[in-house]
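Residue numbers are given in full-length UniProt numbering: position 47 of the sequence shown equals residue 47, and the series is strictly consecutive. Don't be surprised by glycine CBs; every beta carbon is placed ideally from N, CA and C. Values in this document were obtained by computation on a predicted structure and should not be read as measured data.
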Amino acid sequence: MKVTRHAKIFELIATRDIETQEELAEELKKSGMNVTQATVSRDIKELKLIKVLSSSGNYKYATINQAENNISNKLVNIFTQSVVNVENVDNFVIIKTLSGSASAAAEAIDSLRFEGIAGTIAGDNTIFVLVRTQEQAITITQRMKKMIKE
1 MKVTRHAKIF ELIATRDIET QEELAEELKK SGMNVTQATV SRDIKELKLI KVLSSSGNYK
61 YATINQAENN ISNKLVNIFT QSVVNVENVD NFVIIKTLSG SASAAAEAID SLRFEGIAGT
121 IAGDNTIFVL VRTQEQAITI TQRMKKMIKE
């Protein structure tokens, strides 16, 4: 019963904006699962659900992975809005950003986990990305250029 209930909870929070334990309990009851608010509270703790801001401006339950994806999407948006140029020099990718935006864009790069990146260093408007091979650096440069053009 517990495994089925947990699966249903994941399904519900993925398809609906559920703000409270009471709402979640009500949705479970509609699905034929007789639960108490206390049971739902324990399930939320066991499943490590968190509350995140929904697109409507209210809070909703989400998994940690959903929250990380939401943050990653925001960081990608910051990257695409702040980067003005990307170029490749040997094993380095050099990225020029709007003034004061380099650290946020570098955080986005780190969150995207490009294969081959050894590390990033951000200044005020420039990011140096050390890549393990020149081929990987070329690939990453192309991907970043494509990101800022879209």
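- prompt: So, do the region 47-57 and the region 112-125 have three or more beta carbon pairs nearer to each other than 8 Å?
  reply: They do not touch, by the three-pair rule.
- prompt: In whole angstroms, what is the alpha-carbon distance linking Glu27 and Val3?
  reply: Counted from its first residue, the sequence shown places residue 27 at position 27. Counted from its first residue, the sequence shown places residue 3 at position 3. One C-alpha to the other measures close to 16 Å.
- prompt: Helix, strand or coil: how does DSSP classify Asn65 here?
  reply: Numbered from its first residue, the sequence shown carries residue 65 at position 65. If DSSP states are grouped into helix, strand and coil, Asn65 belongs with the helices.
query: When the Cα atoms are used, what is the spatial distance from Arg16 to Thr39?
result: Position 16 of the sequence shown, counting from 1, holds the residue named residue 16. Position 39 of the sequence shown, counting from 1, holds the residue named residue 39. Each residue's alpha carbon lies about 20 Å from the other.
query: Going by DSSP, what residues sit across from Thr97 in a beta bridge?
result: In the sequence shown, the residue the question calls residue 97 occupies position 97. Looking at the DSSP assignment, Thr97 forms a beta bridge with Val83.
- request: Please state if the CB of Asn88 and the CB of Thr36 are separated by a distance shorter than 8 Å.
  value: Position 36 of the sequence shown, counting from 1, holds the residue named residue 36. Position 88 of the sequence shown, counting from 1, holds the residue named residue 88. If you check the CB distance, Thr36 and Asn88 do not come in under 8 Å.
- request: Using the Cα positions of Val83 and Ser41, report the straight-line distance between them to the nearest angstrom.
  value: Mapped onto the sequence shown, residue 83 falls at position 83. Mapped onto the sequence shown, residue 41 falls at position 41. Taking the Cα positions, Val83 is about 43 Å away from Ser41.
message: I need the straight-line Cα distance from Thr148 to Ile95, nearest angstrom please.
response: Sequence index remark: in the sequence shown, residue 148 carries index 148 (1-based). Sequence index remark: in the sequence shown, residue 95 carries index 95 (1-based). In the sequence as presented, Thr is not what sits at residue 148; that position holds Ile. If I take the Cα positions, the gap works out to 11 Å.
message: Buried or exposed for Asp43, going by 16 or more other Cβ atoms inside 10 Å?
response: On the sequence shown, residue 43 is found 43 positions in, with the first residue counted as 1. The residue is buried, with at least 16 neighbouring Cβ atoms inside 10 Å.
message: By the three-class DSSP mapping on this structure, what secondary structure does Thr120 have?
response: Numbered from 1 along the sequence shown, position 120 holds the residue referred to as residue 120. DSSP, reduced to helix, strand and coil, places Thr120 within a strand of the structure shown.
- prompt: Three-state secondary structure (DSSP) at Leu47?
  reply: As a first step, residue 47 is located in the sequence shown; it is residue number 47 there, counting from the start. Assignment of Leu47 by DSSP, reduced to helix, strand and coil, places it in the helix class.
- request: May I ask which residues mark the beginning and end of the alpha helix (DSSP H) holding Ile140?
  value: Along the sequence shown, read from residue 1 onward, the residue named residue 140 stands at position 140. Counted as a single uninterrupted DSSP element, the alpha helix (DSSP H) harbouring Ile140 occupies residues 134-149.
query: In three-state DSSP terms, what is Phe10?
result: Working through the sequence shown from its first residue, we reach residue 10 at position 10. Helix at Phe10.
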